[in-house]
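Visitor: Mature numbering (1 follows the signal peptide of the UniProt record, and there is no 0) puts the sequence shown at residues -30 to -1, 1 to 263.
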Amino acid sequence: MMKEHTMKKTFIRLALASVMGLGLAGGALAAEEGEGGTAHYPLKHPEYQDWSFAGVFGKYDQAQLQRGFKVYREVCAACHSLERVAFRTLESHEGPGFTEEQVKQIASEYEVTNADPDENGDMFQRPAKPSDHFPLVFPNDVAAAAAMGGAVPPDLSLIAKARAVERGFPWFVFDMVLPYQEQGPDYIHALLSGYEDPPAGVEVPEGTYYNPHFIAGISLKMPPPLAPDQVEYTDGTPQTVDQYSKDVSAFLMWAAEPHLVARKEMGFRVMIFLAIFAVLLYLTKRRIWADAH
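See the structure below:
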């Protein structure tokens, strides 16, 4: 009994120390943000979006992924690669769900460098096959920077997992309990739909565009990429900047995490198993130590 009492006191002290530590960290962050001399980006934090893939039981919306891929192909692909995504994955039933023939047609519209040289030892270009990955837009970063005025457009394969705005205290505490993993898509949507005219008194560098949602400054070299009715939807979905940015953000989330649905299903099964296992352990302990108490 004395040992249990000591352990309980230890756990309580550790819990109190953790809460105090989080509180002090949050206070320090708030104080830092309150100092006028330090700017924190983004100036506007992304708003929560209602994603179909959010939550424990969330799944990708196949129609949205197909629309998002269309936006990527017709707008984003002019500058941004999707190097880590294979054409064949577009056929996934947990992803866009294109048919085999559609995937072959999509792949054939791109050219890739063949892995082996021809009979003369020269490398050559050929139409892509479903087993190939999306080709690079530029051969290297130097060529990209030269073509884009000094800026290197990032590859978008993992951008939905690589770009996320820190939520700060106390929200990150709740994120550990609630399965909020959509910071990346929220940020991409906010960035694509958040271009504004700079407020009075704010100057942006020449050749850049003001966007208060940008994570690394007040402006970026990418001009507003989307405009109303820019991409034609055949399913009646509104052709607005907000809808385009939502659809392409969802597609990029799938590109970064194509096995999200399988992971969630496996995680749920594991949690159920652990809950049942914990109950069995408790009942076993009660049975074994019943006489000792």
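Here a beta-carbon is modelled for each residue, glycine too, at the ideal position from N, C-alpha and C.
In this text the structure is predicted, and so the values were computed from the model without any measurement.
What's the gap between the Cα of Gly(-5) and the Cα of Arg256?
Guide: Here residue -5 is taken as the residue at index 26 of the sequence shown, counted from 1. Here residue 256 is taken as the residue at index 286 of the sequence shown, counted from 1. Unreliable placement is indicated for Gly(-5), whose pLDDT of 46 sits below 50; no coordinate value is reported for it.
Visitor: To which residues of the same chain is Arg43 closer than 6 Å at the C-beta, ignoring the five residues directly before and after it?
Guide: Along the sequence shown, one-based indexing puts residue 43 at 73. Taken in chain order, the list of residues that qualify is empty.
Visitor: So, do the segment 32 to 52 and the segment 200 to 219 have three or more beta carbon pairs nearer to each other than 8 Å?
Guide: yes
Visitor: For a minimum of 3 consecutive residues, which ranges assigned as the beta strand (DSSP E) are wholly contained in the segment 71 to 135?
Guide: Counting only runs of 3+ residues, the beta strand (DSSP E) found wholly inside the segment 71 to 135 occupies 81 to 83 and 95 to 97, in chain order.
Visitor: Could you spell out where the alpha helix (DSSP H) holding Gly237 opens and where it closes?
Guide: As a working mapping, residue 237 is identified with position 267 in the sequence shown. Note, Gly237: alpha helix (DSSP H), Leu230 to Ile258.
Visitor: Rounded to a whole number of angstroms, what is the C-alpha to C-alpha distance between Arg239 and Gln34?
Guide: Walking along the sequence shown from the start, residue 239 turns up at place 269. Walking along the sequence shown from the start, residue 34 turns up at place 64. Computed Cα separation, rounded: 27 Å.
Visitor: Under a Cβ-count criterion, where at least 16 other Cβ atoms within 10 Å of its own Cβ denotes burial, should Tyr18 be classed as buried or exposed?
Guide: By one-based count along the sequence shown, residue 18 stands at place 48. Exposed, because fewer than 16 other Cβ atoms sit within 10 Å of the Cβ of Tyr18.
Visitor: DSSP three-state call for Leu190: helix, strand or coil?
Guide: For the purposes of this step, residue 190 is identified with residue 220 of the sequence shown, where counting begins at 1. It is a strand residue.
Visitor: Where does Ala197 sit, in a helix, a strand or coil, going by DSSP?
Guide: As a working mapping, residue 197 is identified with position 227 in the sequence shown. Three-state DSSP puts Ala197 in coil, outside helix and strand.
Visitor: If you reduce the DSSP assignment to three classes, tell me which class residue 318 lands in.
Guide: Look at the range of the chain in this structure, -30 to 263, and you will see that residue 318 is not part of it.
Visitor: Taking the Cβ atom as the reference point for each residue, do Ala98 and Ala113 lie within a distance shorter than 8 Å?
Guide: Here residue 98 corresponds to residue number 128 of the sequence shown, with the count starting at 1. Here residue 113 corresponds to residue number 143 of the sequence shown, with the count starting at 1. Cβ atoms of Ala98 and Ala113: not closer than 8 Å.
Visitor: Excluding the 5 residues flanking Phe68 on each side, which residues of the same chain have their C-beta closer than 8 Å to its C-beta?
Guide: As a working note, residue 68 is residue 98 in the sequence shown. Contacts found: Gln36, Leu60, Glu61 and Ile76.
Visitor: Output the distance between the C-alpha atoms of Phe184 and Leu162, rounded to the nearest integer angstrom.
Guide: Indexing the sequence shown from 1 puts residue 184 at position 214. Indexing the sequence shown from 1 puts residue 162 at position 192. Approximately 9 Å, taken between the alpha carbons.
Visitor: Mind the definition here: the segment 190 to 204 touches the segment 10 to 27 only if three or more C-beta pairs lie below 8 Å; say whether that holds.
Guide: no
Visitor: Using a Cβ-Cβ cut-off of 6 Å (strictly less than) and excluding sequence neighbours within five positions of Pro105, which residues of its own chain qualify?
Guide: Numbered from 1 along the sequence shown, position 135 holds the residue referred to as residue 105. Around Pro105: Tyr80 and Val82.
Visitor: Where does Trp224 land, buried or exposed, given buried means 16+ other C-beta within 10 angstroms?
Guide: Along the sequence shown, read from residue 1 onward, the residue named residue 224 stands at position 254. Its Cβ being crowded by 16 or more others within 10 Å, Trp224 is buried.
Visitor: Within 10 angstroms of its Cβ, does Ile246 collect 16 or more other Cβ (buried), or is it exposed?
Guide: Position 276 of the sequence shown, counted from the start, is the residue given in the question as residue 246. So Ile246 ends up on the exposed side.
Visitor: Go ahead and label Pro155 buried or exposed: buried means 16 or more other beta carbons lie within 10 angstroms of its beta carbon, across all protein chains shown.
Guide: The residue you call residue 155 lines up with position 185 of the sequence shown. The residue in question, Pro155, is buried, as its Cβ has 16 or more Cβ neighbours within 10 Å.
Visitor: Which term fits Ile258, buried or exposed, when burial requires 16 or more other beta carbons within 10 angstroms of its beta carbon?
Guide: Against the sequence shown, residue 258 aligns to sequence position 288. By the 10 Å Cβ count, Ile258 comes out exposed.
Visitor: Helix, strand or coil for Tyr11 per DSSP?
Guide: Position 41 of the sequence shown, counted from the first residue, corresponds to residue 11. Residue state, collapsed to three classes: coil.
Visitor: Within this structure, are the beta carbons of Ala115 and Val122 separated by less than 8 Å?
Guide: In the sequence shown, counting from the first residue as 1, residue 115 sits at position 145. In the sequence shown, counting from the first residue as 1, residue 122 sits at position 152. Yes, they are a contact pair.
Visitor: For Gly171, count the other beta carbons within 10 Å of its own beta carbon; 16 or more makes it buried, fewer makes it exposed. Which is it?
Guide: The residue you call residue 171 lines up with position 201 of the sequence shown. By the 10 Å Cβ count, Gly171 comes out exposed.
Visitor: Would you report the Cα separation of Gly65 and Leu253, rounded to the nearest angstrom?
Guide: Working through the sequence shown from its first residue, we reach residue 65 at position 95. Working through the sequence shown from its first residue, we reach residue 253 at position 283. So the two alpha carbons sit approximately 43 Å from each other.
Visitor: Taking only runs of the alpha helix (DSSP H) that begin and end inside the segment 144 to 182, which ones reach a length of at least 4 residues, in chain order?
Guide: 153 to 163
Visitor: Could you give the DSSP three-state label for Ser62: helix, strand or coil?
Guide: Position 92 of the sequence shown, counted from the first residue, corresponds to residue 62. Note: Ser62 maps to coil in three-state DSSP.
Visitor: Give a yes or no on whether the C-beta atoms belonging to Pro198 and Thr207 are separated by under 8 Å.
Guide: As a position in the sequence shown, residue 198 is number 228, starting the count at 1. As a position in the sequence shown, residue 207 is number 237, starting the count at 1. Going by C-beta atoms, Pro198 is not nearer than 8 Å to Thr207.
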